[in-house]
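Asks: Dropping a structure here in structure tokens format, bear with me for questions.
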Amino acid sequence: MSKRNFVLNNFADIFSVSRKKQANHIMPYSHFHSSYEAYYLLEGERQFFIKDRTIVIKAGDLIIIQPDVLHKTANGNYPEHEKIILNFKEEFIPAFRGDLFKKLYSAFDEDYLVIHFTLQYKIQVEDMLQRIVQEAREKKGAYEIYIQSLVLQLLILSSRYLEEHIMEPLEYLNPMHERISEIVRYINKHYKKELSLPYLADKFFVSPYYLSHAFKEVTGFTFVEYVNSVRIKEAKKLLEETNLKVYFIAAKVGYGSITHFGRVFKEITGHAPLYYRKKK
């Protein structure tokens, strides 16, 4: 790994930071996790599928994603890019608890935010992120506390920016993206039901061939991959938050076969379902 590329997984599973420069990268699978994610693009352009739509981000943009929100990245018009990614849980910073946390996150109550910083703010944000990476790399005395303070500063700065600037509504890239987003929202709401490509094609007045190809182009997922990702994300949540039996959870999220559910669950999460039950 080059000096510029850097990954730190630390703080007992509650914080990680990475900085990477890549010529070409498409995430091969869906991505969701129980931590917040702050994704800052230093150079280049990326396509981001988040929750139910695809957006394009450019250098100087910050995306803040809530826990357990499905997302995936792909190449934009300029595949070579450099990014810094922070993943952290609420308990990473003690000040997040209580009224201060609620006040800070009142600005971040959406599933995700895309912030286009002005130059003045961009300089400050990049300085904070560079220092986080430097502290994580050098690991000098009390570096954990210093990183915690820098992450908190980053979030406060972002919150103030949102208070001072009106964020323009995100526009769809084209009518096809708007139609596929409508279909994705339907899947997100009705994932428990038996869903098939022909059924949704008929419901939304398009051909199965068109839906199959357009869905993949817009979201980066095949139809089956996306339905499975939504179902497994919900199953993981039920495993972590309830005492329901695994076979009941499988049926609750739309699987008729416990064997099929287990196989798909491991393909997407890398673990058997009971792994998340044991972590409770």
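Going by the working numbering, the sequence shown opens with residue 8, and the numbers climb by one from there. Glycine is no exception: its CB is placed at the ideal position from the N, C-alpha and C atoms.
Taking the C-alpha atoms as reference points, what is the distance between Ile70 and Lys259?
Replies: Their Cα atoms are separated by approximately 32 Å.
Asks: Starting from the C-beta of Tyr233, find all residues in its chain whose C-beta is less than 8 Å away, skip the five residues before and the five after it, and write them out in chain order.
Replies: If you ignore the 5 residues before and after Tyr233, its C-beta comes within less than 8 Å of the C-beta of Ser37, Val191, Ile194, Phe222, Thr226, all in its own chain and listed in chain order.
Asks: Identify whether Lys90 lies in helix, strand or coil by the three-state DSSP scheme.
Replies: strand
Asks: Based on Cα-Cα distance, which residue from Gly148, Val158, Lys79, Arg238 lies nearest to Arg138?
Replies: Val158
Asks: Which residues in the same chain as Asn31 place their Cβ atom closer than 7 Å to its Cβ, once the five residues preceding and following it in sequence are excluded?
Replies: Annotation for Asn31: Asn82, Pro86 place their beta carbon closer than 7 Å to its own, counting only its chain and skipping 5 residues before and after.
Asks: Would you grab the beta carbon distance between Asp68 and Ile122 for me? Rounded to a whole angstrom, and I think it's under 8 Å.
Replies: 7 Å
Asks: With 16 other CB atoms within 10 Å as the buried threshold, where does Ala208 fall?
Replies: buried
Asks: If we ignore side chains and look at the alpha-carbon of each, how far apart do Lys147 and Lys252 end up?
Replies: 46 Å
Asks: Let's see if you can read the secondary structure: which residues bound the alpha helix (DSSP H) around Tyr254?
Replies: 253-259
Asks: Our contact map puts Val132 next to Leu161 with C-beta atoms below 8 Å; I'd like the distance itself, whole angstroms only.
Replies: 7 Å
Asks: Going by C-alpha to C-alpha distance, which of Ile21, Val24, His40, Phe22 sits closest to Gly277?
Replies: His40
Asks: Where His220 and Thr229 are concerned, what is the direct C-alpha to C-alpha distance, given to the nearest angstrom?
Replies: 8 Å
Asks: Looking only at its chain, what residues have a beta carbon closer than 6 Å to the beta carbon of Tyr128, apart from the 5 residues adjacent to it on each side?
Replies: Tyr168
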